[in-house]
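When we follow numbering that gives the first Met the number 0, the leftmost residue of the sequence shown carries the number 0, and every step to the right adds one.
Worksheet for the structure shown next.
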Amino acid sequence: MIEWSTGALLLLLSAWKATWLKGEEKAKAVEESIEALEKIEEELKEKKYFEGEGIGYLDLALGWIAKWLPVMEKVGSMQLLKEKKFPAITSWISKFLSHPAIKDKLPPWDELVVYLDEKREARYNSYYPKQREN
Numbered sequence: 000m001i002e003w004s005t006g007a008l009l010l011l012l013s014a015w016k017a018t019w020l021k022g023e024e025k026a027k028a029v030e031e032s033i034e035a036l037e038k039i040e041e042e043l044k045e046k047k048y049f050e051g052e053g054i055g056y057l058d059l060a061l062g063w064i065a066k067w068l069p070v071m072e073k074v075g076s077m078q079l080l081k082e083k084k085f086p087a088i089t090s091w092i093s094k095f096l097s098h099p100a101i102k103d104k105l106p107p108w109d110e111l112v113v114y115l116d117e118k119r120e121a122r123y124n125s126y127y128p129k130q131r132e133n
């Protein structure tokens, strides 16, 4: 259990970095994100939800993956969640987001994209400062 939960934390950190890094650093962050998704996929295989047949604590704790990871992909111009590679995760995302306890309770997609893009730009500009003209 520790290995895949560590994977969830690694996914959060590496996917965030991949939204604003560039070049080899971005490629490494994308690779780390995919490795983390592989650990989560393995845990979720053959399950409807993380704890079985119904939404549980782990689904709520990892619910950010369902909403925020696609936003990170959009803002970072990358693809992490390939349905063929991660069928259990993509199926879980669909079930999770359509569950009555979750559906219509999350912020709209476009607002999240604008919000994260502003955060990405600020982080990018602090990491890659523009050259000052003399």
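In this text, a Cβ means the ideal position worked out from N, Cα and C, and glycines have one as well.
Three-state class that DSSP yields for residue i in the structure shown
{"i": "Y48", "result": "strand"}
{"i": "F95", "result": "helix"}
{"i": "G6", "result": "helix"}
{"i": "D58", "result": "helix"}
{"i": "L105", "result": "coil"}
{"i": "K129", "result": "coil"}
{"i": "K66", "result": "helix"}
{"i": "K83", "result": "coil"}
{"i": "A14", "result": "helix"}
Residue range of the alpha helix (DSSP H) that includes residue i
{"i": "M135", "result": "A question about residue 135 goes unanswered here, because the residues of the chain that appear run from 0 up to 133."}
{"i": "Y114", "result": "108 to 126"}
{"i": "A28", "result": "22 to 43"}
Cβ pair residue i, residue j closer than 7 Å
{"i": "I92", "j": "E40", "result": "no"}
{"i": "L10", "j": "A35", "result": "yes"}
{"i": "T18", "j": "G75", "result": "yes"}
{"i": "S13", "j": "A26", "result": "no"}
{"i": "L105", "j": "K66", "result": "yes"}
{"i": "K46", "j": "G6", "result": "no"}
{"i": "L79", "j": "S32", "result": "yes"}
Anticipated Cβ contact below 8 Å, residue i with residue j, distance rounded
{"i": "I64", "j": "A100", "result": "Not a contact, Cβ separation roughly 16 Å."}
{"i": "L115", "j": "M71", "result": "7 Å"}
{"i": "V112", "j": "K73", "result": "6 Å"}
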